[in-house]
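Asker: Note that my numbering numbers the sequence shown so that position 303 is 328, with each residue one more than the last.
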Amino acid sequence: MEHRSVLLQECVKYLNIRPDGIYVDGTLGLGGHSEAILEKLTTGRLLGIDRDDMALDYARQRLARFGERATLVKGSFGDLGAIMDSQGIQQADGLLFDLGVSSPQLDDAERGFSYMHDAPLDMRMDQTMPLTARDVLNTWSEAELRSIFWRYGEERYAGRIAAAVVERRAQRSIETTGEFAALIRDTMPASARRERQHPAKRCFQAVRIAVNDELGELERMLDQAEERLTPGGRLLVISFQSLEDRLVKEAIRKRENGCTCPRDFPVCTCGFVQTFKSVTRKTVVPTAAEIEENPRARSARLRIAEKV
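Set out below in C-alpha cells:
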C-alpha cells in the first residue's frame, strides 16, 4: 500500500524526541510518522489514534515489531483527552496531527473521496458512522450547502453550486462522485473551468469536512492540547488547507500572545497566562525534492508550538 508520510524528517526533528518519552500520533494513518517516532524510543511509548479501520489494520501490522511500546486505538483526535485517560496517560511529551487524507483513501475509488473516480458518495473516515456525502448533498438545505461550500471550501461560486444541487436532486438524487463533479463543472462559468485546479476540488473538500466534522474535531483537539502536554512538550500540526492552518495559527497565537491589555500598560492586568510559544517563526513546508517525489505534499504546512 503506497503512501508517503509528509514532512517526515521535519516532524521527527521538531518533536525533539526523548528515548523515554510519551508521544501521541493523533492521525495514525498507515503508521509512517509513528514508525519514525518509535525508532527513536527505547523505554518510551507511543499512542496512535485513527478512526479508519483499514488504516488501523495496516498500521498494526507495520508497527507490530515494536510490541508494547506502540498502543493503537480507534477513535477521533477530538476525543484526545478521553482516549489518553483510557490508556492511563495524563500527559505526553509530544502530540502530532496530520490533517490530510491519506493516499490510499484517495486512491480507493469506493471510499468516495476523489473527484477523479466515479464512485458512491461516501467520504466517511469512519465507515461505521451514519452520515455520508450522499446524505449531505441530498438532504441538507440550500442554505446549509451554500454555507459549507463557502466556509469549508472557500468556493466563490458556493451559492450557484448549492442552488444547482437542490435543483438537480428535485429531479433525481445525486448518487455518485462523478455526478457531483460533473454538476459542479457544468455550473461554473467557463473561466473558472479553465483554472489549473480541478473545479470540483473545493466543494469535495467542503463536503468531506462536513461529513467528518473535521473542523469541530480540530477545535476540540486544540482546546485539549495544552493541558495534555508536559512542560517543554511540543504540538505539531500538518494542515493542507488554508482554513485549517488559520485555525491552528489562531489557537497558538491566543495561547502565546493573548494579552488584551493596552500596550502602554507596565504590567498585564487582564489575567493572560502564556501556555504556548512558537518554535519556528514561519510554517515549515516541504522541500522541492519532497514535492517532486510526492506532489500531494505541495500544500502541506507544519506549525510547531511548545508548552511553556
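Note that CB positions come from ideal geometry on N, CA and C, so glycine has one too.
In terms of DSSP beta bridges, what is E331 paired with?
Answerer: According to DSSP, E331 bridges with R259 and K302.
Asker: So is C286 buried or exposed if we call it buried at 16+ other beta carbons inside 10 Å?
Answerer: By the neighbour-count rule (16 or more Cβ atoms within 10 Å), C286 is not buried but exposed.
Asker: Based on the DSSP output, what are the partners of L71 in its beta bridges?
Answerer: In the DSSP output, where bridge partners are listed per residue, L71 has Y48 and A95.
Asker: Are the Cβ atoms of I199 and L162 separated by less than 7 Å?
Answerer: Yes, the pair counts as a contact, with Cβ atoms nearer than the cut-off.
Asker: By alpha-carbon positions, which one of G69, G57, V304 and L53 ends up nearest to D78?
Answerer: Minimum Cα distance to D78 is reached at L53.
Asker: Please classify G92 as buried or exposed, where buried requires at least 16 neighbouring CB atoms within 10 angstroms.
Answerer: Per the 10 Å Cβ criterion, exposed.
Asker: DSSP has T201 in a bridge; who is on the other side?
Answerer: In the DSSP output, where bridge partners are listed per residue, T201 has P145.
Asker: Any idea what DSSP makes of F102, helix, strand or coil?
Answerer: It is helical.
Asker: Is the beta carbon of S59 closer than 7 Å to that of L71?
Answerer: Their beta carbons are under 7 Å apart, which means L71 touches S59 by this criterion.
Asker: Could you name the residues that DSSP lists as bridge partners for F138?
Answerer: Its beta-bridge partners do not exist; DSSP assigns none.
Asker: Return yes when at least one heavy atom of the ligand ZN lies under 6 Å from the C-beta of W165, else no.
Answerer: Within the structure as shown, the ligand ZN is missing, as the structure has no ligands at all.
Asker: Apart from the five residues just before and just after V236, which ones in its own chain have a Cβ nearer than 7 Å to its Cβ?
Answerer: These residues qualify, in order along the chain: M148, R149, L156, T157, A158 and V161.
Asker: Just to confirm my understanding: we take R90, look at its own chain, exclude 5 residues before and 5 after, and list those with CB closer than 8 Å. What are they?
Answerer: Cβ neighbours of R90 beyond the five flanking positions: none.
Asker: Less than 7 Å between the beta carbons of A250 and V31, yes or no?
Answerer: In this structure, V31 does not lie closer than 7 Å to A250 by Cβ.
Asker: Just curious, the beta strand (DSSP E) that L243 is in, first and last residue?
Answerer: Counting along the chain, L243 falls outside any beta strand (DSSP E), though it belongs to the alpha helix (DSSP H) covering E239 to R253.
Asker: Of the choices K302, R306, F301 and N282, whose alpha-carbon is the least far from that of C295?
Answerer: When only C-alpha atoms are compared, the closest one is N282.
Asker: Is S264 helix, strand or coil when you go by DSSP?
Answerer: Residue state, collapsed to three classes: strand.
Asker: S127: which of R94, R85 and G57 sits nearest, CA to CA?
Answerer: Minimum Cα distance to S127 is reached at G57.
Asker: Less than 8 Å between the CB atoms is what I'm expecting for L121 and R253, so what's the real figure, rounded?
Answerer: Contact flag wrong, Cβ pair sits at about 13 Å.
Asker: Do you know offhand how far I316's Cα is from E35's?
Answerer: Cα-Cα distance, rounded: 14 Å.
Asker: Under DSSP, the beta strand (DSSP E) around D289 begins and ends at which residues?
Answerer: Neither: D289 is in no beta strand (DSSP E) and is coded neither H nor E.
Asker: Identify, in the order they occur along the chain, each residue of the same chain with its Cβ nearer than 7 Å to the Cβ of A189, setting aside the five sequence neighbours on each side.
Answerer: L208 and T212, listed in sequence order.
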